[in-house]
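Per the working numbering: the sequence shown = residues 219 to 634. For reference, the structure discussed in these notes is given below.
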Amino acid sequence: MIKKVLLSLAILALGSGGLVYWLQQDDELSAQSKALIDADYAFQSDLKQHPFFYVWGMDAKAEVEPETLGRLRYYEQWQQQGKPLSSVNKTTPIQIQQLQKHPLSAEQKQVLDELNQVLKQTPEQSESFIRQHQSQFIATLATEQFAIQRYLHWLNSTDYVSLLIPVDGALPDYRTLHYLHLLHLVQVSLKPKEESKAALLQYISALQNMQGQKLSMVEKYILQNFMWQSLDLLNLKAQHASVYVLPLTQNVLSLRQSMHYEVSQSAQTFQSLAPPKGMSNWQYRLVYLPNRSLNQQVEDIEPYIALSELPYWDFLQQYERLQPEERSKYVLKNSVGNILAQVAVVDWRPYALRSRILDNKIRVFNAVQKQDALDELNKNREGYDYYQKEHQLCLKHPFPQENLPDYLAQDTCMPI
């Protein structure tokens, strides 16, 4: 009897030990995960210059290099996370404040915000709005000209990489870029018609080219918003002038490049998560495995990448068929990591749709410029559905019910 009890206890001990060992064994990173992790985004402790610093320091004083301010802001974020830094990269908030230029006044921001609303809601009224506030805009352009030139210099660069920041860190103040974009549109609008048209074409081309670089998802869609507004202004300046804007490239339509950033961010986060207070490392590994968590996230992301790279007609057919993967929240192995990986994956379909809608707008713009006949436009094999209403040419929005900003959630129309 005692032998049977001892044998049972031994089997139980071995089984428990085997279970504990199995729970703690992490997976190797999958080939798909490795392909989406990009070391170019990763934290580096001793950078002196980087294209990302230029964006983050765009609002530096005229006599201060943008990279200097951007570098201090970047390392301040990581300093708060306890990352080891070289002495030259350690900073204080006071040092950063001393390098910043005087911000736009409340009045200057207000008129720019109003212009932004006009461009979103009634773009055909944008030129009259600019003329109405011309003296105020000219005064602002005089003081912000150096910052506008910085913005255009960055936009025409070819080596941009958006560095990762801590998950709980502060994003760069992209409102600065937005105001500089609006000021540039004002500056271009005030030029003679032919100069204005050429400058807008050049600007749209630069916005499109930048989207092919290593941007975060946030940056990509900020630039697409800029491009949307620029197309509306160009349409006012160049009606029926046979102007042509290239449709978005496959690289820009795809979510793949942006997912490099998202997955690299997750890889950095998953690897750096420390055990909660009072829990040892071996106990933590019973419920959390970083590689297994990342592999699960990437497995759920890949169908969205594939969707974004389909031809337009196939994209329309597959869009509603693709639904977010439903996983159980209760698993034996990697129970905490399973939940974290699910939180990290959202429904990425609307993000893929945003680029398609912008591409649709470009196609409507080109059709308006060429004055193509409606019946000819609808002979396309790709599935684009054109129609006319009043004095506008429109392209039917395939999925208007999606959760999108108002200006993207309706059919794409431009004045004929």
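Glycine included, C-beta positions come from ideal geometry on N, C-alpha and C.
- Spanning the alpha carbons of Val385 and Arg581 requires a straight line of approximately 38 angstroms.
- In the three-state DSSP reduction, Leu611 falls in the strand class (E or B).
- The alpha-carbon separation between Gln326 and Gln354 amounts to approximately 8 angstroms.
- Leaving aside the five residues that flank Lys588 on each side, the residues in its chain whose CB is nearer than 7 angstroms to its CB run, in chain order, Ser460.
- Nearest C-alpha to Ile575 among Tyr530, Pro542 and Leu592: Tyr530.
- Between Ile366 and Val238, the alpha-carbon positions lie close to 59 angstroms from each other.
- Contact check for Arg474 against Glu437 fails: the beta carbons are separated by 9 angstroms or more.
- Taking every protein chain shown into account, the CB of Tyr439 has 16 or more other CB atoms within 10 angstroms, so this residue is buried.
- Between Asn552 and Ser490, the beta carbon gap of about 17 angstroms keeps them out of contact (Cβ cut-off 8 angstroms).
- DSSP places Gln243 outside both helix and strand once states are collapsed to three, so it counts as coil.
- If you draw a straight line from the Cα of Asp244 to the Cα of Glu285, it is about 40 angstroms long.
- Here the segment 544-562 makes no contact with the segment 408-427; the two share fewer than three CB pairs at distances below 8 angstroms.
- Each residue's CA atom was taken as its position, placing Val329 and Phe444 some 17 angstroms apart.
- Met435: member of the alpha helix (DSSP H) spanning Met435 to Lys455, first to last residue.
- Tyr605 and Ala570 have their alpha carbons spaced roughly 24 angstroms apart.
- Under the three-state reduction of DSSP output, Tyr604 falls in the strand class.
- Between Gln447 and Asn334, the C-beta spacing is below 9 angstroms.
- If only uninterrupted alpha helix (DSSP H) runs of at least 4 residues are considered, those enclosed by the segment 523-605 are 530-537, 553-562, 567-588 and 592-595.
- Note on the segment 330-373: whole alpha helix (DSSP H) runs with a minimum of 4 residues are 344-350 and 352-373, in chain order.
- About 7 angstroms separates the Cβ atoms of Tyr259 and Ser380, confirming a contact at the 8 angstroms cut-off.
- In chain order, Phe364 place their CB closer than 6 angstroms to the CB of Ala280, counting only its own chain and leaving out the 5 sequence neighbours on each side.
- Judged by DSSP secondary structure, Met276 falls outside any alpha helix (DSSP H); it is assigned neither H nor E.
- Ranked by Cα distance from Ala257, the options Lys432, Val505 and Ser546 are led by Lys432.
- The C-alpha of Ser251 lies about 49 angstroms from the C-alpha of Glu412.
- Judged by DSSP in its simplified three-state form, Val385 adopts coil rather than helix or strand.
- Between the alpha carbons of His371 and Glu342 lies a gap of roughly 29 angstroms.
- Rounded to the nearest whole angstrom, the CA to CA distance from Pro410 to Pro321 is 30 angstroms.
- When C-alpha distances from Met428 are compared across Asn307, Leu265, Glu246 and Asp377, the shortest belongs to Asp377.
- Linking Ser434 to Lys455 through their CA atoms gives a straight-line distance of about 32 angstroms.
- Lys495 is classed as exposed because its beta carbon has fewer than 16 other beta carbons within 10 Å across all chains shown.
- Short of 6 angstroms from the beta carbon of Leu507, and not among the five residues preceding or following it, lie these beta carbons of its own chain, in chain order: Asp244, Asn552 and Gly555.
- For Met632, the enclosing beta strand (DSSP E) starts and ends at Thr630 to Pro633.
- With fewer than 16 neighbouring CB atoms inside 10 Å of its own CB, Pro311 falls in the exposed class.
- Secondary-structure assignment with DSSP links Lys432 through a beta bridge to Val379.
- According to the DSSP assignment, Met477 belongs to the alpha helix (DSSP H) that extends over Arg474 to Ser490.
- Taking a C-beta distance under 9 angstroms as the contact criterion, Leu382 and Phe261 qualify as a contact pair.
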